[in-house]
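Scroll down for the structure; my scribbles are underneath it.
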Amino acid sequence: MSRLKNKVAVITGGNSGIGFGIAEAFKNEGTKGVIVGRNQVTLDRAVAQLGDNFIGINADVTNVADLERLFKQTTEKFGKIDVIVANAGGGAVGTVATTSEAEFDQAIDLNLKSVYFTVQKALPYMNDGGSIILIGSNAAHRAYANFTLYGAAKAAVIYLAKAFSSDLLDRKIRANVITPGTTDTPAFDKFVPIEQMEAVKKHFADQMPIGRIGQPSDIGKTAVFLASDDSSFMLGAELLVDGGMTYLS
Ligand code: NDP
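Numbering (this note's numbering), first residue to last: 1 to 249.
Here is the structure:
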């Protein structure tokens with residue numbers, strides 16, 4: 001299909017997991033664009049898999065100067081930007097009793113500040129009528145153990161989809177947010193020893209009302225919808241893509 005033919009998209013964290021799933025889904029709909037990450041090896045590998053219509057740009061989304069360079073380079077290469085996916089982020093762990101000031105700043109920089117400035121620095125280059133897609137988390141809705149700041153930052157991201165849509169009404173740029181539940185990505189590697197991986201994923205799948213954990217492609221299909229004109233009446237909306245885990249378990 002080609003619902004996004006000739007659109008230009010920038011996907012932060014497009015070299016791994018959910019971001020790569022979104023890039024693949026976009027590619028299959030005719031999109032060109034940029035995937036963004038810091039790890040050059042995984043960036044190069046992802047670009048090789050996506051093919052000629054995608055390039056990788058190495059940038060740290062917590063660094064505002066990097067974001068300015070990212071969107072300037074994107075526009076030099078593709079001439080315009082239609083879709084922004086602010087996906088880079090990660091599960092900072094800790095409780096109110098244990099989190100240091102440095103850990104607080106890191107969690108907020110990666111999961112909130114980066115989203116804000118990704119959008120702000122893209123705006124001068126973005127087409128009117130474009131689509132902004134934020135990646136939140138179902139952890140914004142329930143207090144999962146140890147995800148105190150992560151959940152708080154992701155709750156703020158849900159708010160930002162509404163606020164950005166309001167801020168950008170005059171340009172008809174729509175912002176919406178996808179909130180995934182547990183999704184099978186390399187993020188698991190950071191928390192689970194490799195020898196326990198299969199058992200942990202089975203445990204999560206068994207807890208899921210739908211009987212499986214999410215795949216990056218589940219989020220990719222939802223992002224295609226939000227990037228396309230099929231969602232042209234949606235502004236500030238949240239799409240919870242969680243296999244039912246948040247409210248049905
Ligand atoms: P991955 O660890 O697989 O991917 C994270 C991506 O973010 C990588 O591409 C990484 O690239 C990039 N990234 C991280 N920090 C930075 C940075 N400072 N600058 C630029 N890029 C960065 O995680 P997921 O795919 O699982 O997560 C993607 C998003 O989905 C996150 O926002 C996460 O919070 C959210 N989410 C994930 C869920 C899950 O169960 N997997 C559930 C709910 C939400 P690099 O390392 O090259 O910098």
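Note that CB positions come from ideal geometry on N, CA and C, so glycine has one too. None of the values given here were measured: they were computed from a predicted structure.
Three-state secondary structure assigned by DSSP to residue i
i: A237; result: coil
i: K201; result: helix
i: I210; result: coil
i: V192; result: coil
Top-ranked residue by Cα proximity to residue i, from the options
i: F104; options: G151, A88, R69, A140; result: G151
i: K113; options: V36, V64, M126, L50; result: V64
i: T12; options: A97, P124, V41, I135; result: I135
i: P216; options: S165, D206, N87; result: N87
i: F54; options: R212, A23, F147; result: A23
i: D82; options: V115, A227, M234, M245; result: A227
i: S166; options: A155, M234, A199, E195; result: M234
Sequence-distant residues of the same chain with beta carbon closer than 8 Å to residue i, five excluded per side
i: F191; result: G91, V93
i: G214; result: P180, G181, T182, T183, D184, V241, D242, G243
i: R38; result: N58, A59, D60
i: S249; result: Q207, M208, P209
Beta-carbon proximity check, residue i vs residue j, cutoff 8 Å
i: I158; j: A140; result: yes
i: V10; j: T74; result: yes
i: I219; j: R174; result: no
i: L149; j: A107; result: yes
i: A223; j: I178; result: yes
Own chain, CB closer than 7 Å to residue i, minus 5 neighbours either side, in chain order
i: R171; result: D128
i: L67; result: A59, V61, F117, T118, K121
i: D109; result: T62
i: G79; result: none
i: A205; result: G211, R212, I213
beta-carbon residue i near ligand 2 non-hydrogen atom, thresh 7 Å
i: S137; result: Ligands present in the displayed structure are limited to ligand 1, and ligand 2 is not among them.
Nonlocal neighbours in the same chain, by C-beta distance under 6 Å from residue i, ignoring five residues either side
i: S231; result: F225
i: T31; result: L4, K7, A9
i: N15; result: I35, G37, T42, L43, A46
Handout entry: Runs of beta strand (DSSP E) lying entirely within the stretch 70-142, each at least 3 residues, in chain order
Key = 81-86, 126-135
Practice task
Scan the stretch 11-76 and note each continuous beta strand (DSSP E) run of 3 residues or more that stays entirely inside, going in chain order.
Solution key: 32-37, 54-58
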